[in-house]
Amino acid sequence: MNQVLILQIIEVLEQCHKDKSIKTRECCIEIIKELLHKITSELNHDNLIALEKHFNLVTTLNELDYINDEDIFLKSIARVRSCL
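Residue numbering for the sequence shown follows the numbering used here, beginning at 658 and increasing consecutively.
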């Protein structure tokens, strides 16, 4: 899995957390979805570890629907970091 893309996702999440604006967070989520699509396109389906990490990222992104919940945002950043 491309660690650069994961680092970009972390950076976007951290920026969302700092800003706290709903509009900014919605934009951040769109950026993250684009980065996730890039990761998916580069994913080697024979690599079970990569698939597990990808699943963790998807799960984390699904949680971002609760963009007002600071605890979920902080947990999301930690979970994405664990994919490195």
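Every residue, glycine too, gets a C-beta built ideally from N, C-alpha and C.
When I696, H694, I688 and S678 are compared, the shortest CA-CA separation from E668 is found for I688. Per the coordinates, the alpha-carbon of K732 lies some 19 Å from the alpha-carbon of Q660.
L664 and E671 have their C-alpha atoms spaced approximately 10 Å apart.
Taking all protein chains shown into account, R682 has 16 or more neighbouring C-beta atoms within 10 Å of its C-beta and is therefore buried. Scanning its chain for C-beta atoms nearer than 6 Å, with the 5 sequence neighbours on each side dropped, one finds around L692 the residues L662, Q665 and I666, in chain order. Shown here for R738: same chain residues with a beta carbon closer than 7 Å to its own, the five before and five after excluded, namely I667 in chain order.
In this structure, the beta-carbon distance from I734 to H694 does not fall below 8 Å.
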